[in-house]
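First up is the structure itself, then whatever we jot down about it.
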Amino acid sequence: MNTIPKTHTSGAGTAAAHSPGHSPAHGHAHGLSGSLILLLATGAGLAVASLYYSQPMLGVLADDIGASERSVGMVPMATQLGYALGILLLAPLGDRYDRRRIILIKAAVLTAALLLAGAASGVGALLGASLAIGLTATLAQDIVPAAASLAPEQHRGRIVGTVMTGLLLGILLSRVVAGFVAEHFGWRAMFVAASASIAAIGVAAWRGLPRFHPTTHLSYGALLGSLRTLFNKHGALRRAALAQGLLAIGFSAFWSTLAVMLHGAPFHLGSAAAGAFGLAGAAGALAAPLAGRISDRKGPELVTRLGVGLATLSFAAMALSPWFSTQGQLVLLALAAIGFDLGVQATLVAHQTIVYGIEPGARSRLNAVLFVGMFIGMAAGAALGSLALAQWGWIAVVALATASSALALVVRMWPGAAKAH
């Protein structure tokens with residue numbers, strides 16, 4: 000889901016000579032060995048998975064540490080907020096410093112943050128650890144451009160696509176794995192296992208990644224300042240960030256409250272069942288190439304409207320739940336999750352197509368602006384969703400998701416949207 004533009008790194012082809020255990024001849028004729036591509040894909044997937052482990056475990060987690068529904072709902076909010084801050088404050092550093100060093104530092108801190116989450120005795124400590132997890136899970140935002148810069152031009156699309164498949168699988172499987180592990184071994188075991196996986200990736204990256212030369216010598220302040228300049232300059236960027244952010248509110252409100260809702264009456268389902276709903280994320284894998292093809296043929300603007308429209312209808316359909324049996328409600332939830340996930344992922348692909356065409360020389364920073372907007376929406380959705388569930392019940396979460404998606408549709412349907420630059 001977190002697609003990164005193809006960033007070039009000067010000297011990447013010879014950088015392997017400076018890496019432990021590697022020679023300039025590292026890799027095969029395509030410039031990257033299969034083992035290094037696998038490392039990058041696995042690293043991206045495990046890093047982004049850290050954002051989602053907590054969601055299916057919230058029901059059992061709240062019972063264990065004695066937290067209220069409202070306070071435990073702040074855990075995914077803190078994670079998403081940390082990720083938005085990490086994209087804003089840390090992602091631009093990849094253009095300024097050796098990306099290998101940044102990857103190693105983030106892997107070390109993420110390992111520690113996941114251990115702290117597993118050791119948390121109260122919701123306060125868990126919130127602090129979750130914020131740190133979000134900040135350093137932006138490791139994925141460094142790994143994908145690393146793959147793009149190491150890949151030769153003629154194979155770049157295939158290699159970046161492979162790494163993005165790993166990232167998508169991380170999103171898809173994280174909730175399923177977390178739900179299963181929490182059900183059988185406890186929620187703390189999931190965080191410990193996640194910490195061990197990131198530590199292993201850190202060691203593999205230390206041994207296998209080459210060094211990267213900076214592509215700019217702008218100061219840190221100037222790098223951050225250029226994000227605001229781009230945002231102010233391009234109407235298409237502002238519209239994309241706003242619409243994707245609004246869509247993310249509903250998406251996050253659903254996933255952040257689903258486990259707590261299923262834990263209570265009338266379902267009384269455990270974390271494994273909540274995690275199984277994450278399989279609906281497979282719809283995103285189907286949406287990405289399809290949305291790309293339609294964007295190429297009909298233009299990305301049409302795809303944004305179709306995607307947001309599908310998400311809005313899917314969220315609205317969940318309001319019909321009271322008229323279904325308990326089993327029927329679960330089927331409706333699953334179908335709605337597939338529908339809105341297709342819509343959200345298709346819209347993201349189309350928004351990236353729009354944003355990447357604005358100013359090719361600034362794709363990394365344009366991408367950062369888009370994702371900051373999206374993850375601010377994610378954080379807001381987690382907070383508002385947990386509040387809505389605690390105060391008014393599940394129907395309020397459905398209303399929130401439907402309203403925010405409808406606003407996103409208004410943004411995309413507004414006259415002149417297709418021409419905003």
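Take the sequence shown: its letters are residues 0 to 420, numbered as in numbering that gives the first Met the number 0.
Glycine is no exception: its CB is placed at the ideal position from the N, C-alpha and C atoms.
{"Check": "Own chain partners of residue 373 with C-beta closer than 6 Å, once the 5 adjacent residues on each side are dropped", "Outcome": "243, 244, 247"}
{"Check": "Beta-carbon proximity of residue 348 to residue 290, cut-off 7 Å", "Outcome": "yes"}
{"Check": "Distance between beta carbons of residue 342 and residue 309, contact taken as under 8 Å", "Outcome": "4 Å"}
{"Check": "Selected residue, minimal CA-CA separation from residue 216, among 110, 91, 407", "Outcome": "91"}
{"Check": "CA nearest to the CA of residue 166, picked from 33, 50, 320", "Outcome": "50"}
{"Check": "Cβ shell of residue 318 (< 6 Å), same chain only, five flanking positions each side left out", "Outcome": "397"}
{"Check": "Terminal residues of the alpha helix (DSSP H) in which residue 211 lies", "Outcome": "Unbroken run through residue 211: none, as it is neither H nor E."}
{"Check": "Alpha-carbon spacing of residue 249 relative to residue 377, whole angstroms", "Outcome": "8 Å"}
{"Check": "The segment 33–53 contacting the segment 185–194, beta-carbon criterion three pairs below 8 Å", "Outcome": "yes"}
{"Check": "Burial state of residue 206, where buried means 16 or more other Cβ atoms lie within 10 Å", "Outcome": "exposed"}
{"Check": "Separation of residue 311 from residue 276, as counted between CA atoms", "Outcome": "19 Å"}
{"Check": "8 Å contact criterion, which residue 81 and residue 133 should meet: CB distance rounded", "Outcome": "2 Å"}
{"Check": "Through-space distance from residue 149 to residue 407, alpha-carbon basis", "Outcome": "37 Å"}
{"Check": "Pick from 395, 103, 346 that is closest to residue 304, judged by C-alpha positions", "Outcome": "346"}
{"Check": "Given 8 Å, three or more beta-carbon pairs between the segment 102–121 and the segment 168–184", "Outcome": "no"}
{"Check": "Sequence-distant residues of the same chain with beta carbon closer than 8 Å to residue 97, five excluded per side", "Outcome": "210, 211, 212, 213"}
{"Check": "Own chain residues within Cβ distance below 6 Å of residue 387, not counting five before or after", "Outcome": "395, 396, 399"}
{"Check": "Secondary structure, alpha helix (DSSP H): runs of 4+ residues fully inside the segment 255–312", "Outcome": "270–275, 281–297"}
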